[in-house]
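A short worksheet on the structure shown next.
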Amino acid sequence: MRLYNSLTRKLEDFEPLDPQKRAVSLYVCGPTVYDVPHLGHLRSAYVFDVLRRVLARRYEVKFVRNVTDVDDKIIERARKEPDASQDLNAACRAVSERYLKAYHEALAALGIQAPTHEPKATEHVLPSTDPAGSKEGQAKVQGMTDLITQLLIKNVAYQAGNDVYFSVRKFETYGKLSNRTLDELQSGARVEPGEQKQDPLDFALWKAAKPGEPSWKSPWGDGRPGWHIECSAMSVKYLGPVFDIHGGGLDLIFPHHENEVAQAQAAGFPFARRWIHHGLLTVNGEKMSKSLGNYITLERAIADGGSAEAVKLFFLKTHYRSPADYSATKLAEAKKNLDDFSRFLQHSGQVAGAGEALPAAIAAKKQSFFDALEDDLNTPKALSCLFDWMNAGQQLLDSGSGAKAIADALLECAAAIGLSFGGAGGLPDAEIQRKIDDRNASRQSKDFKRADAIRKELEQSGILLTDTPNGVRWQRK
């Protein structure tokens, strides 16, 4: 298996940290829950769901995806809540809970698996003894304040008033992940009003409390953690001081992931062995984002004539490292592809008999499918195997031969990437076939009135019949 490593900027053979245990540790940056998720967030979740499924064919996967539930954007959104003036803390909790629920609902609609652990930032600020954490990590990191303390002891961080900052120039390899030099970074760095940085490149580990905002007691005064420290602390806690894969979007490489590396390694943790980043979802060439107002939610995509499975197929058609440009036309094309697959699968169960593809040919095509996935998650190439199968199976059906073996293999491969071809709901397949058999008997006995009535009954249930020289085919609307 080969995966692209953003750190080395090359394809590498994948070997887990502990090959003997046949286990893989994976950490992915999750949502900041201040609004409903858009398709860009869902592409990220699905990319790593596919990676997890592919890895799970070989290894036991421990998958951690965090939730940022304290943040400037959450606080800003909470101020608009009806009771915010009375209790901003409660309003922040209400906002984060509401939009985390929306995120979970969207992932469930897409059939994306829940992570092994989903730690919330607010629950990991202060030391805890959560038994879910790794033994290695818990021995050194019980919370974000522990990690900040270690950085202060090692003199790579400093206190300025009630704030704490990381001293970037004291971490010699800063910029390695994003492939930037300090001189390049210096040109874009600045000190915001109210900050007491010693250097514009430095970043906050701890922010002093502001009136009414969520805060925690710490050795440096009441306040809350900076954004970057949460992932360093929680990944080490749940996966240990060194783990296999850290993932996220390309937009997170700098500054978020660069800062994560600096914090963890400066504290003495080797941290992630490889980094995987996916391309962004765009609309007319621009990044899909809330700030630009060009975002599409899953609900909107479905309302536009798509479906949850069509959204996933749209994602799969583009390699994960490339940008994917959204349009209603592309989503409609994916929906049509799904309908074609569904129609073939329905018909494949309706035509019995000889002419099935050779087992060796099916095995070879399955191998090609999984080889594509294990070559840096080449989902476009893997999909081409499914389309080839469907076309070959349809030719068998058109000649009056059976194609169930092909259909079964196609379903097996699709399931391996969390893709379904629909057809659920309404009358069960067996009931549909019983009614078709009843109609066939009526036609043979020349009871055409009864046959037409059955056809109309099925149509009212969403089932369309097509009479062919090789028998009756049916499909759901």
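Our numbering puts the sequence shown at residues 11 to 487. Backbone N, C-alpha and C define an ideal beta-carbon position, used for all residues, glycine too. Only a predicted model underlies this, so the values are computations on that prediction, with no experimental measurement involved.
query	result
C-beta atoms of H266 and H287 nearer than 7 Å	no
Assigned exposure category for G435 - 16 Cβ within 10 Å defines buried	Confidence in G435 is poor, its pLDDT being 44 and thus under 50, which makes the residue's placement unreliable; the coordinate value appears in the next sentence. With fewer than 16 Cβ atoms within 10 Å of its Cβ, G435 is classed as exposed.
Through-space distance from A417 to I446, alpha-carbon basis	21 Å
Nearest residue (CA-CA) to A167, options A276, P92, K247	A276
Sufficient close CB pairs (3 or more, under 8 Å) joining the segment 34 to 52 to the segment 210 to 226	no
Cβ neighbours of T78 in the same chain (closer than 6 Å, five flanking residues each side left out)	T42, A131
Among L192, S188, L187, nearest to S177 - alpha-carbon criterion	L192
Coarse secondary structure for P235, derived from DSSP in three states	strand
Euclidean distance between Cα positions of A344 and P333	17 Å
Secondary structure of H134, DSSP reduced to three states	coil
C-alpha gap between S352 and D314, whole angstroms	20 Å
In chain order, each alpha helix (DSSP H) run of at least 4 residues that lies wholly inside the segment 265 to 308	268 to 276
Sheet register partners of G257 (DSSP bridge)	V38, I286
Cβ-Cβ distance between A218 and G233 below 7 Å	yes
Of the residues Q454, A413, F379, Y184, the one placed nearest Q356, counting alpha carbons only	A413
Three-state secondary structure (DSSP) of A149	Bear in mind that the predicted position of A149 carries a pLDDT of just 48, short of 50, making it too unreliable to give a figure here.
Local Cβ density within 10 Å of V71, reported as buried at 16 or more and exposed below that	buried
Beta bridge counterpart(s) of R483 as assigned by DSSP	T476
Three-state secondary structure assigned by DSSP to A344	helix
Exposure of V321, with buried meaning 16 or more beta-carbon neighbours within 10 Å	buried
Start and end residues, alpha helix (DSSP H) containing V57	49 to 66
Rounded separation between V74 and V246 - CA only	11 Å
7 Å Cβ shell around G153 - same chain, five flanking residues per side excluded	H134, V135, L136, P137, S138, A243
Extent of the continuous alpha helix (DSSP H) to which A318 belongs	318 to 326
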